[in-house]
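**Q** Input: one structure, supplied below.
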Amino acid sequence: MRAALRVFAAEGLKQHRRIFGSKLVVFSMLLWPVLTLATTYYTVLPVTSAPGAAQRWPLVAEPGRLLAFLAAGALAYTFFFSLVQSAWHFSWERVSGTLEAMFLTPASRMALVLANGSSALVQNAWLFGCFGLAAAVATGTLHLAHPGMLGIAALALLVPAVAWGAFLNSLLMFSRDSAFLYTLLDDPLWFIAGVRLPLFALPVWIKAIGLAFPLTTSLVVLRGALLDGKDTADLAGQLAFLAGLSAVLLGLTALLLRVGERHAQRTGSLQLF
Amino acid sequence: MIVTHELRKTFPGQRKLFRPAGPATHAVDGLSLSIPPGAVTGLLGLNGAGKTTTIKVLATLLRPTSGSVTVDGLDVVGHARAIRRRINLIAGGERMVYARLTGRENLWYFGQLYDVPRAVLAKRIDELLELVGLTDAAGTVVERYSRGMRQRLSIARGLINAPAYLLLDEPTLGLDAPIARDLRAVVANLARDGVGVLLTSHYLAEVEQLCGHVYVVDRGRLVAEGSPTALTAGTRLPHTVELTLAEHAPAVSAAVAALGAEFEVGVDAEERPTFVLRSPEDLTGELATAVVRAGGAIVRLEVNPPTLEDAILAMAGAPAAVAAR
Amino acid sequence: MATALPTLRRNWLVTMRAYQWTYFVGTLATGILTVGLAYLAYHAIGGGRAGGGFAAAAGTADYLGYVTVGAAASMFTVRMVLWVAKAQITEQREGTLESQVLAPARRLPYLVGVGLQALTTTVVEVVVMLTFAIMIGVRLPAPDPLTLLAAFVAASVAVFGISVPLSAVMISVGEAHITQNTLFVAMGLLCGFTFPPAYLPDPLRWLGEALPVTSALRALRAATLEHAPLSIAAPDLLLCLALGLAYLVVGLRLLGPAERIAIQRGGSA
């Protein structure tokens, strides 16, 4: 356990240097999410003012609530996408030789992928997270059933995100073409997870695919807890689903790590597929 | 002690969609060797001989296809984690370090992964930085290091866990001469301190200098083993002695011929007579005596004993294993 | 032309041999999903209609057509900029920048060569995206062919024009990812790809007008959604061309110093 914590500390430094190594990082951390949020808001504005829109989707009656809905989506998306980015960087370690140096050490492979993901998450998303929260409070769109729901919402976002990040790390570690996975998880991710649209607007088959991504359900919990005043009882189903999905992702990660490393030891190639 | 017994490593053929798999590669084919603590053991061969594959198996990066590999009695497959704590690998080249971290941070990072005790780590980092001459550059990010500096940092990384066994895969490849010389001194000191070192290198002079025992492999099989001197003697390669006289002395040719060895006569750029003698034994003393007795005045004497490189080249492609002790 | 055609040919060969499917899929996905988003929002939230303010601000009541043309233009812009603006930083990364600077060829013909090749592949990609839009039920009216052609040429000049100063910025700072993405995200907000710029506060609208892509979009929509004749679209076409050429001239001036800075910095980006 103590050894695993040291791995977390080590990865934390590495992520910190990677992310903050260049001062331009504030662009991707804050500027882009904010500009994209504004663009999305204006894009859907025309249909939200259509006759009967407020009956179909009540929250469009208040522009502030619509913006809060989209901001929550942007926040959660930024969290989950930062893990896609860190996994992509992680796959670069195979090319540069440092992955081999890591595999030489006795460090737990699971600890490595978990540490890599969670350090990236915290360091990437904190800025936009603070910004979002401050904005929600300032605009009065924050509606909590009780203060504890803030913690529940945070956990519902962080735990599945870390599990997903660990899974992506192990996936990209052993795949030949990481760029393609990166592309697959960029735009399609915001589309199927209901980041920019309420889930009822998506066809059933898209919603079904979306369920496989923890972002979708995390977002339901986030919006429910922070914007709609829902409490744990109201969100019990989603929370249980997230817990189960996180466990499945972690299980798949452990399997991939074992199979992948064994394959590498057998064939000399870290490329599994 | 690291011991391998009939180690075989076969890489499966490349699998292609809708086509049969390509042929398998037998990189290591029945290799038995031992690497004792407190000594430097050499592993030599031509390219494709399986040296790097062998090292990677010992480092637990590859699994043996068959045969056994143990480190202090622990099997590399069943006890990989325990073995990783006590070994390390330094490969030539500047990979295996992080460009965005400083030199010190790189060593700290790996120290964490090796779970080096905190009380020890800071001091060890300082010592290693000093050892590889990077104390002044410790706070600079590695992406600003020169290639030589990165390689030196890579060496320090290889020592961060104070390994009981150190595997060196062409560690001086591309290093400047002074740094390579310093590294060789480090390796010799480590062995003196009880570390078991396995060295593969294309610089045979370095192997000759450092290794007490050498294994020679070709196409994955052991073809010879022994000390460098014994290996060289075992191949019966000739010593070459080149001698230049101040001026012609008629009796010298006869005196040299009387030694019974193959020789050539010539002249150098200044028209002075030269003799080049080749023989299985070192006849330098006899030759010098014979020439002086015959009235010759020696102005230059150059002795070229057969080197390990000559021995390896002679062994290359030799079908039978030659064990010389 | 001595440089442009060989450059075009070289890039064609490289493209055919190693097509960057990842970039293609990525940009196509963005275009398709933008249209998809608008389509679902239009039906599920809007009930098949857009709000009253939209027609006044956009100049057309056809919300889906508006977004589709914008998404196609966005895809066109992104792909062209990626090709042309990154041409030189790619040379720098592959180590061929020095040899390019040493060669006596001028920069503009080289970039035109890159641009022409990019144009051909980008047009194909946009057509794929538009096919998808039509398949999901977006009705695109028949465009005025002359106006469309003129708008297409103007848009090409506009995009080519902004790519050149961007290229100069990229090679002098030795960075492409942050630079290009910031431009794309900013243009997404300011140029009116997916919503009428009239929605924006005035300072941002003026900023948007300074980009030739904004007037190019107006011309493209006039040609496609309003079937407008050339005379109606002429002011936007001329503004677009003027701005595009202005950016091009500035960019070409900046390229020389930028290359010198890049080579001095040495090594790859």
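Here the protein sequences line up with chains U, R and G, keeping their order. For what it's worth, my numbering labels the leading residue of the first sequence as 2, then goes sequentially. For what it's worth, my numbering labels the leading residue of the second sequence as 3, then goes sequentially. For what it's worth, my numbering labels the leading residue of the third sequence as 2, then goes sequentially. Every residue, glycine too, gets a C-beta built ideally from N, C-alpha and C.
Give the interface partners of residue 43 of chain U over in chain G, defined as CB-CB distance under 7 Å, in chain order.
**A** In the first sequence, counting from the first residue as 1, residue 43 of chain U sits at position 42. The contacting residues are 196, 200.
**Q** Considering only the beta carbon of each residue, do residue 39 of chain G and residue 175 of chain G sit closer than 8 Å?
**A** For the purposes of this step, residue 39 of chain G is identified with residue 38 of the third sequence, where counting begins at 1. For the purposes of this step, residue 175 of chain G is identified with residue 174 of the third sequence, where counting begins at 1. Cβ atoms of residue 39 of chain G and residue 175 of chain G: not closer than 8 Å.
**Q** I believe residue 189 of chain U touches residue 64 of chain G by the beta-carbon criterion, under 8 Å. Please report the beta-carbon distance rounded to the nearest angstrom.
**A** The sequence position of residue 189 of chain U within the first sequence is 188, counting from 1. The sequence position of residue 64 of chain G within the third sequence is 63, counting from 1. 23 Å between Cβ atoms; not a contact.
**Q** For residue 81 of chain U versus residue 162 of chain U, is the C-beta distance shorter than 8 Å?
**A** In the first sequence, the residue the question calls residue 81 of chain U occupies position 80. In the first sequence, the residue the question calls residue 162 of chain U occupies position 161. Yes.
**Q** Got a sec, what are the start and stop residues for the beta strand (DSSP E) residue 306 of chain R sits in?
**A** Your numbering for residue 306 of chain R matches position 304 in the second sequence. Looking at the DSSP string, the run of the beta strand (DSSP E) that includes residue 306 of chain R is 300-306.
**Q** Using a Cβ cut-off of 8 Å (strictly closer), state whether residue 238 of chain R contacts chain U.
**A** As a first step, residue 238 of chain R must be located in the second sequence, where it is residue number 236. Output row for residue 238 of chain R: interface = no.
**Q** Rounded to whole angstroms, what is the Cα-Cα separation between residue 186 of chain G and residue 33 of chain U?
**A** Within the third sequence, residue 186 of chain G is the residue found at index 185, counting from 1. Within the first sequence, residue 33 of chain U is the residue found at index 32, counting from 1. Their Cα atoms are separated by approximately 6 Å.
**Q** What number of angstroms, rounded off, separates the C-alpha of residue 34 of chain G from the C-alpha of residue 194 of chain U?
**A** Start at 1 with the first residue of the third sequence, and residue 34 of chain G comes out as number 33. Start at 1 with the first residue of the first sequence, and residue 194 of chain U comes out as number 193. Rounded to whole angstroms, residue 34 of chain G to residue 194 of chain U spans 13 Å at the Cα level.
**Q** Quick one: which residues of the stretch 92-125 of chain U get their C-beta closer than 7 Å to a C-beta of chain R? List them in chain order.
**A** For the stretch 92-125 of chain U, which is checked against every Cβ of chain R, the residues closer than 7 Å are 97, 98, 99, 101, 102, 103, 104, 105, 106, 107, 108.
**Q** Determine the contact status of residue 165 of chain R and residue 90 of chain R, defining contact as a CB-CB distance below 8 Å.
**A** By 1-based counting over the second sequence, the position of residue 165 of chain R is 163. By 1-based counting over the second sequence, the position of residue 90 of chain R is 88. Going by C-beta atoms, residue 165 of chain R is nearer than 8 Å to residue 90 of chain R.
**Q** Taking buried to mean at least 16 other C-beta atoms within 10 Å of its own C-beta, is residue 171 of chain R buried or exposed?
**A** Taking the first residue of the second sequence as position 1, residue 171 of chain R is located at position 169. Classification for residue 171 of chain R: buried.
**Q** Suppose you measure from the CA of residue 270 of chain G to the CA of residue 260 of chain G; what does that come to, to the nearest Å?
**A** In the third sequence, residue 270 of chain G corresponds to position 269, counting from 1. In the third sequence, residue 260 of chain G corresponds to position 259, counting from 1. For residue 270 of chain G, the predicted model reports a pLDDT of 41, less than 50, meaning its position is unreliable; a value from the coordinates is still stated below. Each residue's alpha carbon lies about 12 Å from the other.
**Q** Are any of the Cβ atoms in chain G nearer than 8 Å to that of residue 197 of chain U?
**A** Indexing the first sequence from 1 puts residue 197 of chain U at position 196. True, the Cβ-Cβ gap to chain G drops below 8 Å.
**Q** Here's the rule I'm using: 16 or more other beta-carbon atoms within 10 Å means buried, otherwise exposed. How should residue 259 of chain U be labelled?
**A** Indexing the first sequence from 1 puts residue 259 of chain U at position 258. It counts as exposed.
**Q** Secondary structure at residue 221 of chain R, three-state DSSP: helix, strand or coil?
**A** Within the second sequence, numbered from 1, the residue matching residue 221 of chain R stands at position 219. DSSP places residue 221 of chain R in coil when its eight states are reduced to three.
**Q** For residue 187 of chain U and chain G, any beta-carbon pair shorter than 8 Å?
**A** Start at 1 with the first residue of the first sequence, and residue 187 of chain U comes out as number 186. Interface residue, yes.
**Q** Apply the 10 Å Cβ neighbour rule to residue 247 of chain U and answer buried if 16 or more other Cβ atoms are within range, or exposed otherwise.
**A** Taking the first residue of the first sequence as 1, we reach residue 247 of chain U at position 246. Classification for residue 247 of chain U: buried.
**Q** Hey, quick one: how far does the beta strand (DSSP E) through residue 184 of chain R stretch, first residue to last?
**A** As a position in the second sequence, residue 184 of chain R is number 182, starting the count at 1. First-last for residue 184 of chain R: 179-194, but that is the alpha helix (DSSP H), not the beta strand (DSSP E).
**Q** Suppose the cutoff is 7 Å on Cβ atoms and the five residues either side in sequence are ignored; what does the same chain contact list for residue 213 of chain R look like?
**A** On the second sequence, position 211 is the one that residue 213 of chain R refers to. Excluding sequence neighbours, residue 213 of chain R sits near 42, 43, 44, 201, 230.
**Q** In its own chain, which residues sit with a C-beta less than 7 Å from the C-beta of residue 239 of chain U, not counting the 5 before and 5 after it?
**A** Here residue 239 of chain U is taken as the residue at index 238 of the first sequence, counted from 1. Same-chain partners within the cutoff: 218, 221, 222.
**Q** Might you give, ordered along the chain, the residues of its own chain that have their beta carbon closer than 6 Å to the beta carbon of residue 137 of chain R, omitting 5 neighbours on each side?
**A** The count along the second sequence starts at 1 and reaches residue 137 of chain R at position 135. The residues are 131.
**Q** Taking only beta-carbon positions, decide if residue 58 of chain U is within less than 8 Å of chain G.
**A** As a first step, residue 58 of chain U must be located in the first sequence, where it is residue number 57. So yes, residue 58 of chain U belongs to the interface.
**Q** Check whether the stretch 108-127 of chain U and the stretch 157-172 of chain U are in contact - that is, three or more C-beta pairs closer than 8 Å.
**A** Touching, yes.
**Q** Consider the Cβ of residue 54 of chain G: report whether some Cβ of chain U lies at a distance smaller than 8 Å.
**A** Numbered from its first residue, the third sequence carries residue 54 of chain G at position 53. Yes, because at least one Cβ of chain U sits closer than 8 Å to the Cβ of residue 54 of chain G.
**Q** Excluding the 5 residues flanking residue 134 of chain R on each side, which residues of the same chain have their C-beta closer than 6 Å to its C-beta?
**A** Working through the second sequence from its first residue, we reach residue 134 of chain R at position 132. Closer than 6 Å at Cβ, skipping near neighbours: 154, 157, 158.
**Q** Rank G:3, G:202, G:225, G:224 by C-alpha distance to the C-alpha of residue 107 of chain G and give the top, closest one.
**A** Reading the third sequence from its first residue, position 106 is the one you call residue 107 of chain G. Comparing Cα positions, the closest option is G:3.
**Q** Would you say residue 151 of chain R faces chain U, with C-beta separation under 8 Å as the test?
**A** As a first step, residue 151 of chain R must be located in the second sequence, where it is residue number 149. No, because no Cβ of chain U sits closer than 8 Å to the Cβ of residue 151 of chain R.
**Q** Below 9 Å on C-beta distance, what does residue 72 of chain G contact in chain U?
**A** Along the third sequence, read from residue 1 onward, the residue named residue 72 of chain G stands at position 71. Going along chain U, no residue has its Cβ under 9 Å from residue 72 of chain G, so there is no contact; the nearest lies around 10 Å.
**Q** Under 7 Å, CB to CB, which of the residues in the stretch 47-80 of chain R have a partner in chain U?
**A** Flagged, chain order: 61, 63, 64, 65.
**Q** Taking Cβ to Cβ, would you say residue 54 of chain R is nearer than 8 Å to residue 33 of chain R?
**A** As a position in the second sequence, residue 54 of chain R is number 52, starting the count at 1. As a position in the second sequence, residue 33 of chain R is number 31, starting the count at 1. The answer is no: Cβ separation not under 8 Å.
**Q** When the distance is taken between beta carbons, is residue 134 of chain U closer than 8 Å to residue 75 of chain U?
**A** The count along the first sequence starts at 1 and reaches residue 75 of chain U at position 74. The count along the first sequence starts at 1 and reaches residue 134 of chain U at position 133. Not a contact, by the Cβ cut-off of 8 Å.
**Q** Which residues of chain G have a Cβ atom closer than 7 Å to the Cβ of residue 129 of chain U, listed in chain order?
**A** Looking up residue 129 of chain U in the first sequence gives position 128. None at all; the shortest Cβ gap to chain G is about 14 Å.
**Q** For the alpha helix (DSSP H) containing residue 171 of chain R, name the first residue and the last one.
**A** Along the second sequence, one-based indexing puts residue 171 of chain R at 169. Looking at the DSSP string, residue 171 of chain R is not in any alpha helix (DSSP H); the run it does join, the beta strand (DSSP E), is 167-171.
**Q** Please report how far the alpha carbon of residue 218 of chain G lies from the alpha carbon of residue 68 of chain U, in whole angstroms.
**A** Taking the first residue of the third sequence as 1, we reach residue 218 of chain G at position 217. Taking the first residue of the first sequence as 1, we reach residue 68 of chain U at position 67. Going from the Cα of residue 218 of chain G to the Cα of residue 68 of chain U covers about 26 Å.
**Q** What's the gap between the Cα of residue 112 of chain R and the Cα of residue 105 of chain U?
**A** Looking up residue 112 of chain R in the second sequence gives position 110. Looking up residue 105 of chain U in the first sequence gives position 104. One C-alpha to the other measures close to 10 Å.
**Q** List in chain order: all unbroken alpha helix (DSSP H) runs of 4+ residues lying wholly within the stretch 10-92 of chain G.
**A** Within the stretch 10-92 of chain G, the complete alpha helix (DSSP H) runs of at least 4 residues are 22-41, 53-59.
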